[in-house]
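Data first, discussion second: the structure below is written as structure tokens.
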Amino acid sequence: MSAISLSAVTKRFGDAAAVDGVSLEIAAGEFVALLGASGCGKTTLLRLIAGFDTLTSGWIRFDGVPMAGEGRHVAPEDRNVGIVFQSYALWPHMNVAENVGYPLRVRGIRGAAKADQVAEALAAVDLSGFENRRPADLSGGQRQRVALARCLAMDPAVVLLDEPLANLDVNLRASMEDTFKEFHERTKATMVYVTHDQTEAMAMADRVAVMEAGKVLQVSDPVALYGEPASEAVARFVGNGSVVQCRVVGPAASGKARVALFDHEADVRAAPATLAPSGASARLCLRPEHLGLSDGEGFAARVVKSTFKGSHALLEVAPEAAPREILPVWAPRLVPAGTSVTIRVQDGWLLPGVAASVSAARAA
Ligand SMILES: Nc1ncnc2c1ncn2[C@@H]1O[C@H](COP(=O)(O)OP(=O)(O)O)[C@@H](O)[C@H]1O
Ligand SMILES: [Mg+2]
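If you read the sequence shown in the working numbering, its first letter stands for residue 24, the second for the next number, and so on.
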């Protein structure tokens, strides 16, 4: 395993920067997900780490050793990286064992040594006994596991995965998430996993780097990313958070602020450093589980949509005080559209940034 160090990594295609000044330290053996919408530069960044593309500027180092930057470019085959693509990229004319053994053959490993490594890799992805099958005779999930076994057989220091589950159905994806986690625990390889699917990223990664327009917006462990987004963009992208305007009434308990929104007051979480002065307006991230139907305290709202989700219902409500804001709310049961309800704010996260700029404005 290798630590990966990205320093101001930039890749331009003509005038457009596909990757724009990305700096990121990935520890040896860490599992990092690059998460972002289509076109934000994830694949380009992965290709730069693999060595398939050259940098426009910046540096890439593995364990402190320069791989790319300032005219230097170590070839992909000399970086000891394994890559798993969405498309599997298996040879259709080779059987499973030949596909998995192919990179070993290229490296000059043959005979019993090769057979042992192939058998071990296939066992690791639960495909023992499939040696003689052709890719065409496998399901999508099995093909992806062959691709993973091929990567595993090479014993790479770094494993790069580009949306490897995008072609699989939902049920299979969940079991493949377990396969990837086991793969990571077994190999201790440094893994960089590209996805546009936040649940996938949060289920597997030690840390998630959220990307937008070629830049990394935030790098955090999944719990902090979900609970304490650093910006409005991350708050909205992760967990489909709503972001609403509020007014800070004052500090509450430690780590909490009292805020007013929709003619209602509530205590929400806030970073101490970004606690805005009383009276300041701020932005509040609200997730569906932060809100609930109330028999007492709360703000008045009207249900605009109600969807059955099995264990619960997902309501969309419009506050009477701001009918254009549509907020998702988890509820124990369906509530017909048009019903007037009272909504309690049970939790929330006061976004930094806006509060900081209010403080700055006061200081100025
Ligand atoms: N070879 C290329 N030539 C020109 N533009 C490219 C090339 N590869 C990617 N891009 C552009 O760079 C941006 C990022 O692409 P990509 O890294 O594939 O995003 P993602 O993987 O996040 O969907 C996109 O606007 C894409 O059109
Ligand atoms: Mg891509």
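Just so it is clear, CB atoms sit at the ideal spot from N, CA and C, and this is done for glycine as well.
- At a Cβ-Cβ threshold of 7 Å, residue 120 and residue 148 do not count as neighbours.
- One Cα belongs to residue 168, the other to residue 197, and the distance between them is close to 14 Å.
- Judged by the Cβ position, residue 66 qualifies as a neighbour of ligand 2 at the 6 Å threshold, a heavy atom of the ligand being closer than this.
- In the DSSP assignment, residue 351 is bridged to 339.
- By the beta-carbon neighbour count (other beta carbons within 10 angstroms, threshold 16), residue 332 is exposed.
- In terms of CA proximity to residue 264, 306 leads the group 229, 306 and 283.
- In the same chain as residue 151, and ignoring 5 residues on each side of it, the C-beta atoms closer than 8 Å to its own belong to 142 and 145, in chain order.
- When 102, 359, 316 and 321 are compared, the shortest CA-CA separation from residue 353 is found for 316.
- In the three-state reduction of the DSSP assignment, residue 304 falls in the strand class.
- Around the beta carbon of residue 355, fewer than 16 other beta carbons lie within 10 angstroms, which makes this residue exposed.
- According to the DSSP assignment, residue 198 belongs to the alpha helix (DSSP H) that extends over 193-210.
- By the Cβ neighbour-count rule, residue 300 is exposed, with fewer than 16 other Cβ atoms within 10 Å of its own.
- When DSSP states are grouped into helix, strand and coil, residue 153 belongs to the coil group.
- Measuring C-alpha to C-alpha distances from residue 247 to each of 228, 113, 237 and 235 identifies 228 as the nearest.
- The Cβ neighbour count for residue 185, taken over all protein chains shown within 10 Å, is at least 16; the residue is labelled buried.
- Nearest in C-alpha terms to residue 241, of all of 37, 371 and 57, is 57.
- In the three-state DSSP reduction, residue 111 falls in the coil class, being neither helix nor strand.
- Separation of residue 213 and residue 153 (C-alpha to C-alpha, rounded to the nearest whole angstrom) is 28 Å.
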